[in-house]
Amino acid sequence: MAAPPQPAYMQSRICLVADDNPVCLKIMEIVLRRMHMECVIVRNGAEAIRCAMGRTVFRAIFMDTGMPIVDGDEATRMIKSTYNANKDTPVIAMAAYDGEAAGSLYDDAIVKPVTIHHVKQSL
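My numbering puts the first residue of the sequence shown at 13, with every later residue one more than the last.
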């Protein structure tokens, strides 16, 4: 008997990273590249929504909880509630402190500063 097929996001090597802090973005980029992953970087929730609604299927979406224009919570709600290529992609909150991303909105949460260990656990 054949194993069930993996979800599309499990086959992807591309992650979406949404954060308004350039230092955090650079850290995430370095961590993901060390894990042989590609990353698409955006600076606010509106850009994250636009990317997630596109054709690219992401392995994971790393979402800062507090961003300008559209915050991480609103962006995550929009991505998960509409029909798009990333509707089932795990969204991982990147929070400034523990408990900031509580609830069932996110699939997982990591607290900044992010380390390669945290990212590996989330993926």
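Where is the CB? At the ideal position from N, CA and C, for every residue including glycine.
Within its chain, find whatever has a CB closer than 6 Å to the CB of Ala107; leave out the 5 residues flanking it on each side and keep chain order. Cβ neighbours of Ala107 beyond the five flanking positions: Thr77, Ala113, Ala121, Val123.
Buried versus exposed call for Asp110 [16 or more other C-beta atoms within 10 Å across all chains shown]: Per the 10 Å Cβ criterion, exposed.
At which residues does the alpha helix (DSSP H) containing Met90 begin and terminate? 84-93 is the span of the alpha helix (DSSP H), which, as asked, contains Met90.
Could you tell me the boundaries of the beta strand (DSSP E) in which Ala20 lies? No beta strand (DSSP E) holds Ala20; DSSP gives it neither H nor E.
Counting C-beta neighbours from all protein chains within 10 Å, is the total for Asp31 16 or more, i.e. buried, or is it exposed? Buried, since its Cβ has 16 or more Cβ neighbours within 10 Å.
Measure the CB-CB distance between Gly126 and Val52 and report whether it falls below 8 Å. In the sequence as displayed, the identity of residue 126 is Val instead of Gly. Cβ distance not < 8 Å, so Val126 and Val52 don't count as in contact.
Measure the CB-CB distance between Lys132 and Met47 and report whether it falls below 8 Å. Contact: yes.
For Asp119, which residues in the same chain have their Cβ closer than 7 Å to its Cβ, ignoring the five residues on either side in sequence? The answer, listed in chain order, is Pro102, Val103, Ile104.
Beta carbon of Glu50, beta carbon of Ile73: below 8 Å? No, the pair does not count as a contact, with Cβ atoms beyond the cut-off.
Would you say Val29 and Asn56 are within 8 Å of each other, going by their C-beta atoms? Contact flag unset, no.
Looking only at its own chain, which residues have a Cβ that is under 6 Å from the Cβ of Ser116, when we skip the five neighbours before and after it? Counting only Cβ-Cβ distances below 6 Å, and skipping sequence neighbours, we find nothing.
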